[in-house]
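Counting along the first sequence from 1, when you hit position 438 you're at 458 in the working numbering, and nothing is skipped either side. Here the structure is laid out as structure tokens; the discussion comes afterwards.
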Amino acid sequence: MIKNTDDLYAMRHSLAHILATAVQHKWPEAKFGVGPVVDNGFYYDIDLGSKKMSEEDFATLEIEMNKVIKAKQDFEKFEMPIEKAVTWAKENNQPYKLELLNDLKRQGTTAAKELDSLELGLDVDKESKVTNVSFYKNGSFTDLCRGPHIENTGEAGAFKLIRISGAYWRGNEKNSQMQRIYGVAFNTKSELEDYLKMIEEAKSRDHRRLGQELDLFIFSDLVGSGLPLFTPRGTILREELAEFSNKLRERFGFQKVWIPHMTKKDLYEISGHWAKFSDELFLVKSQETSDELVLKPMNCPHHTRIYASKQRSYRDLPIRYLETTTIYRDEKSGELGGLNRVRSATQDDSHVFCREDQLEVEINNLLAAASELYETVDMSLRVRLSYRDDSEAYLGDKKLWQSAQKQLKNAVIANKLNYFEEEGEAAFYGPKIDFMATDAIGREHQVATVQLDFVQPERFNLEYINESGNKSQPIMIHCALLGSIERFLSVYIEHTAGKFPVWLAPEQLRVITLNQEESTVNFADKFANEAKSRGIRLEVDNSNESVGKKIRQAELMKIPYTVVLGDKEIESNRVTPRIRKDMMVTEKHDSIGITEFLNTIVNESKGRVHKSSF
RNA sequence: GCCGACGUAGCUCAGUGGCCAGAGCGGCUGUUUUGUAAACAGCGGGUCGUGGGUUCGACUCCCUCCGUCGGCUCCA
Numbered sequence: 021m022i023k024n025t026d027d028l029y030a031m032r033h034s035l036a037h038i039l040a041t042a043v044q045h046k047w048p049e050a051k052f053g054v055g056p057v058v059d060n061g062f063y064y065d066i067d068l069g070s071k072k073m074s075e076e077d078f079a080t081l082e083i084e085m086n087k088v089i090k091a092k093q094d095f096e097k098f099e100m101p102i103e104k105a106v107t108w109a110k111e112n113n114q115p116y117k118l119e120l121l122n123d124l125k126r127q128g129t130t131a132a133k134e135l136d137s138l139e140l141g142l143d144v145d146k147e148s149k150v151t152n153v154s155f156y157k158n159g160s161f162t163d164l165c166r167g168p169h170i171e172n173t174g175e176a177g178a179f180k181l182i183r184i185s186g187a188y189w190r191g192n193e194k195n196s197q198m199q200r201i202y203g204v205a206f207n208t209k210s211e212l213e214d215y216l217k218m219i220e221e222a223k224s225r226d227h228r229r230l231g232q233e234l235d236l237f238i239f240s241d242l243v244g245s246g247l248p249l250f251t252p253r254g255t256i257l258r259e260e261l262a263e264f265s266n267k268l269r270e271r272f273g274f275q276k277v278w279i280p281h282m283t284k285k286d287l288y289e290i291s292g293h294w295a296k297f298s299d300e301l302f303l304v305k306s307q308e309t310s311d312e313l314v315l316k317p318m319n320c321p322h323h324t325r326i327y328a329s330k331q332r333s334y335r336d337l338p339i340r341y342l343e344t345t346t347i348y349r350d351e352k353s354g355e356l357g358g359l360n361r362v363r364s365a366t367q368d369d370s371h372v373f374c375r376e377d378q379l380e381v382e383i384n385n386l387l388a389a390a391s392e393l394y395e396t397v398d399m400s401l402r403v404r405l406s407y408r409d410d411s412e413a414y415l416g417d418k419k420l421w422q423s424a425q426k427q428l429k430n431a432v433i434a435n436k437l438n439y440f441e442e443e444g445e446a447a448f449y450g451p452k453i454d455f456m457a458t459d460a461i462g463r464e465h466q467v468a469t470v471q472l473d474f475v476q477p478e479r480f481n482l483e484y485i486n487e488s489g490n491k492s493q494p495i496m497i498h499c500a501l502l503g504s505i506e507r508f509l510s511v512y513i514e515h516t517a518g519k520f521p522v523w524l525a526p527e528q529l530r531v532i533t534l535n536q537e538e539s540t541v542n543f544a545d546k547f548a549n550e551a552k553s554r555g556i557r558l559e560v561d562n563s564n565e566s567v568g569k570k571i572r573q574a575e576l577m578k579i580p581y582t583v584v585l586g587d588k589e590i591e592s593n594r595v596t597p598r599i600r601k602d603m604m605v606t607e608k609h610d611s612i613g614i615t616e617f618l619n620t621i622v623n624e625s626k627g628r629v630h631k632s633s634f
């Protein structure tokens, strides 16, 4: 098993060299960066100077690569003293390799640590100086590389070049930009085909595509990029989700608050956000006063103002505020995409102000809420406990950190959450719990967070009067269960492929009339009114089209239940619901009394189930 | 922000340095009155993203801006 993984790694690694071989054959002047293995394949960073490769070159590159594979060139490994390697890089006009080698020579293992991740082979002496580096050679192509590789190029598996993009040399935006060619590779052709099929599946679930097909949200050039607008259908989704998220916390004593969407920048000068993030804030200028306002990029500073509006006693704590509200961040233009990264995002945000001895219970409550939410949307969760490390980058009392980190962990264990711990991942103002949810096609997404904050209470001078009549400082807990609703929707739409459970479906029931006879239309109206009075979301399709076509349209909109109303239904006062396939528990379905049918939909919606009870 | 690709009807997409730019779906109108994934016919519909330039002539070539996509970088 492990052997196979290693083989696959070596094979992909070798393909990166085969790609480079082909590139060098076509463009002998090519300058090479690094060519590592990544998920499902490999890439190579290449600089052709003013010339640019494009996807149109893939065909010829693939042909060239296949020639190299057919030639069954041996991969020969050999070592070279580092001095000699430097000469090699100079002679072969490979400035990127030269830079790597010089760094190795100068910095020894400090650089080696970083550079080892770039797949270079090294020998290190007693004084941590790099003495030898390893090379691989196949045919006429030689490359600085750690390996491992397959025996010869003939052992390469099935591959395909899939895309090309820009990438900064060594990931630093101050460096020159190279071209990165990505390929995917597998041991067998059928594995490659399966993978390409999976990519197609992911494309068909793309939330941007489904957002349009299911009429959920739009973007407008006039409104601007990264500023989504939600249609009536999409708005139902947002509000049902937010309401559920709120309910889960209201049961633990959270109270709703409301804050304006802008503030004087003074608020963020005190919170410290101005110094750190001012270039991502939207500025708003008053034409009446000298006020310099900004659109809020987060809600906590506002919420501290509500806390601080009164003197608080230790008996008042915890104080828990809850608000679903929109924040605005001026993300760099190239970073926007669909609902995933936007400039206006709505958070189901909450803040607890509590004493240190109350932390564990409060966190426990939030974790219980998060667990229930993700169970309900049918996604499995894993959490990361993000702790501080020993560096001085963290603010707040070390003892407080230790006690808080322990309480976080206790709460995670008490909630039986699947967790892992990482030092150095905490925010500078406190430790946190990050939630990762896995979607239906196996991708993991960061969603909710619970973060402790020791810094804002200090900066804003928050206090309460303790048992002995002295002033004490509360701790803040930030928590958003969905995170940003837009981002959550992008994940959830792809998770469900748009097949929403009844409680979230914008349209729960489609009513199709068999014909336009008065008796049919009247019956459909009566039926629809019955359903609406129970709070069911439905539409009546009374258009002059064939039943088949109307069924098809309901099917394409992924509506959970569809009923056809005609003479049979009028006579019997029963319906035979058509149930969306993913919700079906059994294949066969008989007719059912109308009242019972409607009540069942209501109950499924209330119970937030994702399978049909029919 | 950077590198690259792209922008043609509401949607998905053809198309060419030269009369008046096309198809399917959707829309509208009519015929049909339909039983569980597409009835038939007709009719509308586009400043070819925007502004500028080259040219006798630009949807087509060049530049600007706006927007989208794939990456890089970033993400309180």
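All C-beta atoms in this analysis are idealised placements derived from N, C-alpha and C, irrespective of residue type, glycine included.
Counting the other CB atoms within 10 Å of its CB gives isoleucine 184 a total of 16 or more, which places it among the buried residues. Taken through DSSP and simplified to helix, strand or coil, aspartate 67 comes out as strand.
Between the C-alpha atoms of glycine 627 and tryptophan 523 there is a straight-line separation of about 8 angstroms. In the structure shown, the three-state DSSP call for phenylalanine 52 is strand.
With fewer than 16 neighbouring CB atoms inside 10 Å of its own CB, histidine 609 falls in the exposed class. Contiguous beta strand (DSSP E) elements confined to the segment 447-520 occur at 452-458, 464-473 and 495-504, taking only those with 3 or more residues. Assignment of serine 411 by DSSP, reduced to helix, strand and coil, places it in the coil class. Glu382 is the residue among Asn490, Ser353 and Glu382 whose C-alpha sits nearest the C-alpha of histidine 371. The beta carbon of glutamate 487 is closer than 8 angstroms to those of Tyr334 in its chain, skipping five residues each way along the sequence.
In the three-state reduction of the DSSP assignment, tyrosine 348 falls in the strand class. According to the DSSP assignment, glutamate 575 belongs to the alpha helix (DSSP H) that extends over 567-576. For asparagine 86, the enclosing alpha helix (DSSP H) has its first and last residue at 78-90.
The shortest CA-to-CA distance from tryptophan 421 to any of Ser400, Glu443, Asn435 and Arg402 is the one to Glu443. In this structure, asparagine 384 lies away from asparagine 438, with their beta-carbon atoms at least 8 angstroms apart. Boundaries of the alpha helix (DSSP H) harbouring valine 622: 614-627, taken from the DSSP string. For arginine 271, no alpha helix (DSSP H) encloses it, and the DSSP letter there is neither H nor E. Boundaries of the alpha helix (DSSP H) around leucine 230: 227-233.
Beta-bridge annotation (DSSP): alanine 205 is paired with Phe179.
Bridge pairing for leucine 558: Leu529 [DSSP]. Taking a contact as a CB-CB distance under 8 angstroms, the pair alanine 365 and isoleucine 347 counts as one, their CB atoms being some 6 angstroms apart.
At least 8 angstroms separates the beta-carbon of glycine 246 from that of arginine 402. Around methionine 399, the same chain offers Ala457, Thr458, Asp459 and His515 as residues with beta carbons nearer than 7 angstroms, after the five sequence neighbours per side are excluded.
In this structure, the straight-line span from the alpha carbon of leucine 387 to that of aspartate 602 is close to 29 angstroms. Inclusion of glutamate 376 and isoleucine 513 in the CB contact set at 8 angstroms is not warranted, their separation being larger than that value. Methionine 577 and isoleucine 505 have their alpha carbons spaced roughly 22 angstroms apart.
Judged by beta-carbon spacing, lysine 284 lies within the 8 angstroms limit of leucine 313, meaning their Cβ atoms are closer than that value. Taking a cut-off of 8 angstroms for Cβ pairs, the segment 403-418 and the segment 518-536 do not touch, as fewer than three such pairs fall below it. Taking one beta carbon from each stretch, the segment 575-590 and the segment 538-550 have 3 or more pairs nearer than 8 angstroms; the two touch. In terms of Cα proximity to proline 48, the closest of Asn112, Glu76 and Lys90 is Asn112. Bridge pairing for glycine 586: absent [DSSP]. Annotation: the continuous beta strand (DSSP E) that includes tyrosine 439 extends over 439-443.
Around the Cβ of aspartate 214, a 10 Å sphere holds fewer than 16 other Cβ atoms; the residue is exposed.
Around tryptophan 278, the same chain offers Glu343 and Thr345 as residues with beta carbons nearer than 8 angstroms, after the five sequence neighbours per side are excluded. Counted as a single uninterrupted DSSP element, the alpha helix (DSSP H) harbouring histidine 323 occupies residues 320-327. By the CB criterion at 8 angstroms, arginine 594 and isoleucine 612 fall inside the cutoff. The secondary-structure analysis by DSSP pairs aspartate 369 across a beta bridge with Glu343 and Ala500.
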